[in-house]
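Working notes, beginning with the structure itself.
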Amino acid sequence: MNTRRSFCRSLIIEATGINEKEAGYVEEIMRDDIFHSTLDWQSRAQFVRGAREAVEMLKVYRADPALSRHFPT
Numbered sequence: 003m004n005t006r007r008s009f010c011r012s013l014i015i016e017a018t019g020i021n022e023k024e025a026g027y028v029e030e031i032m033r034d035d036i037f038h039s040t041l042d043w044q045s046r047a048q049f050v051r052g053a054r055e056a057v058e059m060l061k062v063y064r065a066d067p068a069l070s071r072h073f074p075t
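With positions in the sequence shown counted from 1, the corresponding number in the working numbering is that position plus 2.
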């Protein structure tokens, strides 16, 4: 499982340019809020779009005091 997670985070970092810590948050958002499932079945294009969308969602979550505690800076 850690190998898969590391692979996903590597792809997230490649697609978005964010750091390892941020990639963990983005991965969580992709699983829970964008795709509502595992990330294994996504095409590369879907994965990249999802990662970029999750980065934007992370910014919104951090701006909301009720949600920001889940995604610290």
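Glycine is no exception: its CB is placed at the ideal position from the N, C-alpha and C atoms. Here the structure is a predicted model, which means the values were calculated and not measured.
- The three-state reading of DSSP puts phenylalanine 9 in helix, counting H, G and I together.
- Counting only unbroken stretches of 4 or more residues, the alpha helix (DSSP H) elements lying wholly within the region 4-62 are 4-18, 22-31, in sequence order.
- Taking a contact as a CB-CB distance under 8 Å, the pair glutamate 55 and isoleucine 36 counts as one, their CB atoms being some 6 Å apart.
- When secondary structure is reduced to three states using DSSP, proline 67 falls in the helix class.
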